[in-house]
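Numbering (the working numbering), first residue to last: 896 to 1065.
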């Protein structure tokens, strides 16, 4: 039950962070923020997966590691970015019976936002999804899941209900 609550809190945090609209490319981490490097993730497999994602974001969008935040949980770890060009929210789960009855060993893409137009974002999201599909077998992550907002709200900062689609990759 505790792992389930922990996952629900994690998903809630991811949804609230990435439901917000990106504001400025000049965003800098606030003082007192947690460490930003993927080294805060103690599981070497998860840390390695996040390092590959961090490299992709840096090479393709110029996102500096300082704009990425990592957090470790008892049932996984998360990466969030509030970069205006391509902000992402990812969670890697390592425990079963979480939200939406997801199994363990899941990479969940919870949100992507951009100040660029929808066509650009759709093309970049396709490329990013392909990267994630390639990284999953490399880092022994069996499932790739996507969270879809089911609410119709005037305020995109809040997601009240989401559907999760999970694909088994191997």
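Just so you know, even glycine gets a beta-carbon here, dropped at the ideal spot from N, CA and C.
Note that this is a predicted model, so its numbers are computed, not measured.
{"Item": "What would DSSP say about residue 981, mapped onto helix, strand or coil?", "Value": "coil"}
{"Item": "Tell me the rounded alpha-carbon separation between residue 972 and residue 940.", "Value": "11 Å"}
{"Item": "How big is the Cα-Cα spacing for residue 1017 and residue 1011?", "Value": "10 Å"}
{"Item": "What does DSSP give as the partner residues of residue 973 in its beta bridges?", "Value": "966 and 986"}
{"Item": "Go to residue 1007, then tell me how far its beta strand (DSSP E) extends in each direction, as first and last residue.", "Value": "1001-1008"}
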